[in-house]
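One structure below.
4 protein chains.
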Amino acid sequence: MDKIPVAVIGASGYSGRELLRLLLFHDQAEIACLTSRQAAGRSLAEEQPRFRGCPGADTLRFVEPTMENLQASGAKVAFLALPHGVAHEFAEPLLAEGWRVIDLSDDFRVQDAQAYEAFREHAHPAPHLLPQAVYGLPELHRESIRKASLIACPGCYPTSMILPLVPAVRAGCVRTDTIAVASMSGVSGAGRKAAVPLLYVECNESVRPYNIPKHRHLAEVEQELSLAAGHPVVISFTPHLVPVNAGIATTIYASAAEGAVAADLGKALEEAYADEPFVRLLGEGHLPDTKNVVGTNFIEIGWVHDPRTNRFVLCSAEDNLGKGAASQAVQNFNLMHGLPETEALLHV
Amino acid sequence: MDKIPVAVIGASGYSGRELLRLLLFHDQAEIACLTSRQAAGRSLAEEQPRFRGCPGADTLRFVEPTMENLQASGAKVAFLALPHGVAHEFAEPLLAEGWRVIDLSDDFRVQDAQAYEAFREHAHPAPHLLPQAVYGLPELHRESIRKASLIACPGCYPTSMILPLVPAVRAGCVRTDTIAVASMSGVSGAGRKAAVPLLYVECNESVRPYNIPKHRHLAEVEQELSLAAGHPVVISFTPHLVPVNAGIATTIYASAAEGAVAADLGKALEEAYADEPFVRLLGEGHLPDTKNVVGTNFIEIGWVHDPRTNRFVLCSAEDNLGKGAASQAVQNFNLMHGLPETEALLHV
Amino acid sequence: MDKIPVAVIGASGYSGRELLRLLLFHDQAEIACLTSRQAAGRSLAEEQPRFRGCPGADTLRFVEPTMENLQASGAKVAFLALPHGVAHEFAEPLLAEGWRVIDLSDDFRVQDAQAYEAFREHAHPAPHLLPQAVYGLPELHRESIRKASLIACPGCYPTSMILPLVPAVRAGCVRTDTIAVASMSGVSGAGRKAAVPLLYVECNESVRPYNIPKHRHLAEVEQELSLAAGHPVVISFTPHLVPVNAGIATTIYASAAEGAVAADLGKALEEAYADEPFVRLLGEGHLPDTKNVVGTNFIEIGWVHDPRTNRFVLCSAEDNLGKGAASQAVQNFNLMHGLPETEALLHV
Amino acid sequence: MDKIPVAVIGASGYSGRELLRLLLFHDQAEIACLTSRQAAGRSLAEEQPRFRGCPGADTLRFVEPTMENLQASGAKVAFLALPHGVAHEFAEPLLAEGWRVIDLSDDFRVQDAQAYEAFREHAHPAPHLLPQAVYGLPELHRESIRKASLIACPGCYPTSMILPLVPAVRAGCVRTDTIAVASMSGVSGAGRKAAVPLLYVECNESVRPYNIPKHRHLAEVEQELSLAAGHPVVISFTPHLVPVNAGIATTIYASAAEGAVAADLGKALEEAYADEPFVRLLGEGHLPDTKNVVGTNFIEIGWVHDPRTNRFVLCSAEDNLGKGAASQAVQNFNLMHGLPETEALLHV
């Protein structure tokens, strides 16, 4: 079978690099067009020396991100690995030309333009596109993803919260007004930008909360939890920066609903994810570790019930660049093209 | 003034080393006796090469931990830097001989022997000593500490929770049945023991929760919170291991009590700690960073109120070996001996 | 084509785990037998939680390392991922039964039993097997490897020195009596053993030389350099432990031979490695970085000539668990079985 | 005794911060003037939150670096913690006004303006000041330092090389044409500048050589070695960046001079440093570790003789910000003012 030509737009950050890594070894996709303003004219191997010697990396070259270049590539599907607030500028003309778009930014994740605005200082830049956007979490929206033209890939923190919580909320195991979350993220989550707070010496031997109480990616979490609950859900969330390159550990507190016990939560999770290829349910009392999932598309979920406070504690671990970004984008791509969902994603 | 001779019993772990570091430079204390079974006969500088060339470290020698050696030293106060469950074996004969004892273990922190037992598999080993034990958190029990014969130095996680929470609880700002805590600790908190899970390769690039939902040091936290509240308080707590040598970041959720606003919490904290030399109140919306406190006796506290969920978020940062162990022990020592409370503790 | 059944003996260490990772995704090999005394009865996914959900990992089980189990597996080739000095106990009976053996230990790397003994306290344990052992560095011994029954996979430090140096020595670019090497290794190189010096807190924020001047793996380096030179070569070597999980950076000094200039060295390296799939020649003045090769079978080599001292400086970077151990073992396996040499080895 | 008022000019980098840390706790110095263009008007505690609560840090404020401000402070001695190439602009007017200047940059370390130029692209900016500059390595130039008006504090790499080598060279133990050095430095050595290569994710899990073969700080090393040898000495040097915040490990190769044995080297080092308060001679076969010296003014030196190659290997460890910069500056200050040389410098 011929490989599917794909375009990758703007891949100079950490998520973009992870995406390229996965696509280079995807048996049924090939990078037909790779764009970057700064890197135009240079080869992928020059830009990303880690890829030297990999098939294609020495010859694949960045080009300017023009519609001409994109159209000439023969691709009809594009990955947007662009900064938040920029992706929609590319999504719009591509969709108009009949492309399918897989966006890793947060431009289209919140389907209600007012909810988007409530977490930002400004209005949504392209609200007319929102109706066609599908929130790209395969475990929740697999069928919509298959036929979507515009995929809004979930954020890294959101994925680590939504996947453990949705089955619990759907099954009515938890009191949705009691959800409070603490997450710890590796530094790649802050992006590849030259800023003093992200310097090695500033992050090493440092643990610090930041950006509370209204991290803007809460909007998509609450959207999905509200959908699961059938009523609006508002939660608390505190992100922390910890000195690892990648990985998110998330710990969730929620009071047990009247009568709910650990077995109910376990059953809800099992029913939701028993057949999911990338969700590792560790079982009650077993706890995840980011080092088991970094570099992969897997998410680990463990849980306990605390009888002393009658709270559930749900813990997850994922790679912020993987299941939280690039590999999830590829999982969406596989679904959209009728490929095996695990294609290019099982390597650990 | 002559220096006060002190004995240090069992200082081979990380807290013990930090304690020795502080005592070596304490202007009004001198280490008159230093005991260790394994290290007996060796000098401090040989055991701890970091101390080579420091005043006294090359000549100070470890001796066997016998009462003869202790008595011969001229000291009448001892620091116990021993494993949990062992300290009481030394405390008992020393107290009987009229010594004052500053214990860094958890043997005497919980004053109710039944509460102790509820978090362990066994009965308290020396319940008759509990009545004389004072929980060594100067910000809460300064006057009792001054005249105590037996100080139970608080645990590292407990210090990071109790200090932010007690003023909030006392002032009635929070609903005590809604408290949930996530802490991240450096690996030194797990001790200096040869175990595969503590190897560099196992901890580096790893973030993991552990030991939930009933970490045994919750007992002392709930004791102090109950005391502050005037009724029993039970909380949730999840510790996480993160790849730093030292430091604890703690994030606390608690629902605001009816009518309580951010200013109330700020006022409660200000009133409690404005004059405390080691509590850095960062103010509303300002968040702590472990790298600012590691190696010191300081604790930083920041907070926000989240109007969306009507919860307070309190964040603290301390050194698990410092304010969470060794430097707090020295702070207690200073108080017990009428010395300036900050003696030997201001270096950063 | 049917996959080739392979046995993996003793894979509880870091190199063993990396080997399993590669074999799990090898298109033309399957793990038919996996042995471990401690893990017998458990699945690979239970032992190595990182592999949960990977094809085969949940069902593959460790068995006792008996000849019965090995023979029953149908395999005729075995990887030995055993401690140094133990591997020969398995190699002997397997070779006697006609198996081919790929040994990751240092038991068979030095082909002269006296040279082996000179770097150890004891005689070689199985000198009669040495004549059939081939030093498994494909770039130097590809043809011998293809037909070998016993492969001695090179050590991690040796690979990082031999590959840059052999072309320089062969081409007569350097004075062989002036070679001095400094290497920095990640902590996984010290193995997965519970020992205080390998604890996180002992290795983090620490850089330290060790084990000089006669690291035992110098024996194999000098063997290969002497072979290249046509006369005995003796060199200096200092290993350092640095706080990374994996990766070796090696820096080599050697005086330029009479008249040799940078272009000569470049030419020698180009001629040796231009077609090698896993050697990245960075070019004069371009320097390697371990982060570009960790997790791969690639080695990077850069170099400069210093006119002030008339010395060459050669720098290499590799993964001590990859090109320095497990992936190189797979490269040997591929060669021995007539497979594409890069099979399973191009992922980055 | 009244404290000596000092001025600190430009202390926004890592060395500057370390210098302030030491001066804050110096019993006989007080910071009378603290200048910074960016930070003018802000307190030290605001700029450096780690210092909050330390004596003076909350009230001490940065001012603009004008001569008026400096003169008004009452200080007659200044520490310059400025970028290389900028310090001379402040040194000149201060010296003209009769101040004594302790410069941490490399502006005045090389006393021969031509040698300075040979390692740079440009001429020395203030050659007329060179005659009064003293190279501030107390172990070598103590008496000149006592009465100097202008101290050029040694670089971090240079200190780690010069101290081990000078006694060896002076005693004729080594062949000076065979010296080759590899050093590994923590990331703080690269300064506190927002640059992608210094980001956490770029440095963590990375080891890399850089800037060879002519690092500009070789000029001062060769100056001091030539002085010791009595003839020009040229050496090889390769710096490496390793993922620690601070610390330099240096490993030096040098062929033994005719007849020189390990005891000769040991004797030379002992004679040079037996009474030095900050040089820890570990003895033959004992190797240093950066974690034992980081945060201090100590340097550790170990060594071996390799009979196989007849080379000496000298290994040192120091803090690049300490003995390699700020604490050495304070040691110079102590000497210049007739204070105990160890004042403020013994804490570990």
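Chains as they are written, first to last, in the working numbering: chain A, 1 to 348; chain B, 1001 to 1348; chain C, 2001 to 2348; chain D, 3001 to 3348.
Just so it is clear, CB atoms sit at the ideal spot from N, CA and C, and this is done for glycine as well.
Here the structure is a predicted model, which is why all the values come from computation and not from measurement.
At a cut-off of 8 Å, the C-beta of Ala3195/D has a neighbouring C-beta in chain A. Per the coordinates, the alpha-carbon of Glu224/A lies some 32 Å from the alpha-carbon of Leu24/A. For Ser2327/C, the enclosing alpha helix (DSSP H) covers residues 2326–2336. Contact residues of the stretch 3195–3214 of chain D toward chain A are Ala3195, Val3196, Leu3198, Leu3199, Tyr3200, Val3201, Glu3202, Cys3203, Asn3204, Glu3205 (C-beta to C-beta distance below 8 Å).
Sixteen is the threshold: when 16 or more other Cβ atoms of the shown chains lie within 10 Å of the Cβ of Asp264/A, as they do, the residue is buried. In the same chain as Ala3091/D, and ignoring 5 residues on each side of it, the C-beta atoms closer than 8 Å to its own belong to Leu3080, Val3101, Asp3103, Asp3107, Phe3108, Ala3126, Leu3129, Leu3150, in chain order. Scanning chain C for C-beta atoms nearer than 8 Å to the C-beta of Pro55/A yields Leu2346, reported in chain order. Residues of chain A whose Cβ lies closer than 8 Å to the Cβ of Ser3188/D are, in chain order, Val201. If you ignore the 5 residues before and after Ala260/A, its C-beta comes within less than 6 Å of the C-beta of Cys173, all in its own chain and listed in chain order. Looking from the CA of Ile3145/D, the closest CA among Val3086/D, Leu3082/D, Leu3345/D, Glu3341/D belongs to Glu3341/D. Under the three-state reduction of DSSP, His3240/D is assigned to strand. Here Arg3100/D carries a strand assignment [DSSP, helix/strand/coil].
For Leu3044/D, the uninterrupted alpha helix (DSSP H) run begins and ends at 3044–3047, by DSSP.
At a C-beta separation below 9 Å, Arg2192/C has these neighbours in chain B: Val1196, Leu1199, Val1201, Glu1202. Check the Cα spacing between Pro3131/D and each of Ala3148/D, Phe3333/D, Ala3118/D, Arg3052/D: the tightest is with Ala3148/D. By the Cβ-count criterion, Gly98/A is exposed, with fewer than 16 other Cβ atoms from all chains shown falling within 10 Å of its own Cβ. Of Ser2188/C, Glu2202/C, Val2187/C, Gly2189/C, the smallest CA-CA separation from Ala1194/B is found for Glu2202/C.
For Asp289/A, the secondary structure class from DSSP, reduced to helix, strand or coil, is coil. Close CB contacts of Asn320/A within its chain, under the 7 Å cut and outside five residues either way in sequence, are with Cys156, Ser185, Gly186, Ser188, Gly189, Ala246, Gly247, Ile248 (chain order). Contacts between Tyr3273/D and chain A, judged by CB atoms closer than 9 Å, are missing: the closest CB pair is about 31 Å apart. Among the bridge pairs identified by DSSP, Asp2306/C is matched with Arg2311/C. Taken through DSSP and simplified to helix, strand or coil, Gly283/A comes out as strand. According to DSSP, Tyr3273/D shares a beta bridge with no other residue.
Taking the beta carbon of Phe3025/D as reference, the chain B residues within 8 Å of it are Leu1346, His1347, listed in sequence order.
By the neighbour-count criterion, in which 16 or more other beta carbons inside 10 Å mark a residue as buried, Thr2059/C falls on the exposed side. Under the three-state reduction of DSSP output, Ala1190/B falls in the helix class. Per DSSP, Ala1249/B is not a residue of any alpha helix (DSSP H); the beta strand (DSSP E) it occupies stretches across 1248–1255. In the three-state reduction of the DSSP assignment, Ile145/A falls in the helix class. For Ser1043/B against Gly1010/B, the beta-carbon gap comes to about 17 Å, at or over 8 Å, which does not count as contact. Closest in alpha carbon position to Phe2278/C, among Val2110/C, Pro2065/C, Ser2160/C, Ile2031/C, is Ser2160/C. If only complete runs of 3 or more residues are kept, the stretch 2020–2068 of chain C shows the beta strand (DSSP E) at 2029–2035, in order along the chain.
According to DSSP, Val134/A shares a beta bridge with Ile151/A. Excluding sequence positions up to five before and after Val169/A, its CB lies within less than 8 Å of the CB of Thr176, Leu225, Ala228, Ala229, Val233, all in the same chain and listed in chain order. Counting C-beta atoms within 10 angstroms of its own C-beta, Thr178/A has 16 or more neighbours from the protein chains shown and is therefore classed as buried. According to the DSSP assignment, Ala1180/B belongs to the beta strand (DSSP E) that extends over 1180–1185.
Using a Cβ-Cβ distance cut-off of 8 Å, the stretch 2296–2303 of chain C and the stretch 2266–2283 of chain C are in contact, since at least three pairs of beta carbons, one from each stretch, lie closer than that value.
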